[in-house]
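Engineer:
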């Protein structure tokens, strides 16, 4: 995924979604999220989840990958 793709996703998050993204990114992996508006925004933005990386299919639980978590933490500095 590109920096532009990550930035576009980040730019479209609400303030509350950004707070949740930071909270998730700040914890050690796996960073599990139930499908909600934040994880749905990642899927809509074309960002991979760890489940999708392995199977190509989203499921009821997705995980924020390290690369996305690193971007989230950099974006909030």
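In the working numbering, the protein residues as written are 589 to 665.
Built from N, CA and C at the ideal position, the CB exists for glycine as well.
Report the three-state DSSP secondary structure of residue 620 (helix, strand or coil).
Structural biologist: One-based indexing of the chain shown puts residue 620 at position 32. DSSP places residue 620 in strand when its eight states are reduced to three.
Engineer: By the DSSP assignment, the alpha helix (DSSP H) with residue 629 in it spans what residues?
Structural biologist: Looking up residue 629 in the chain shown gives position 41. In the DSSP assignment, residue 629 falls within the alpha helix (DSSP H) that extends over 625-632.
Engineer: Quick one: give me the first and last residue of the alpha helix (DSSP H) that residue 596 is part of.
Structural biologist: For this step, residue 596 is matched to residue 8 along the chain shown. Following the DSSP letters along the chain, one finds residue 596 inside the alpha helix (DSSP H) bounded by residues 591-599.
Engineer: By how many angstroms is the C-alpha of residue 665 removed from the C-alpha of residue 628?
Structural biologist: Position 40 of the chain shown, counted from the first residue, corresponds to residue 628. Position 77 of the chain shown, counted from the first residue, corresponds to residue 665. Computed Cα separation, rounded: 24 Å.
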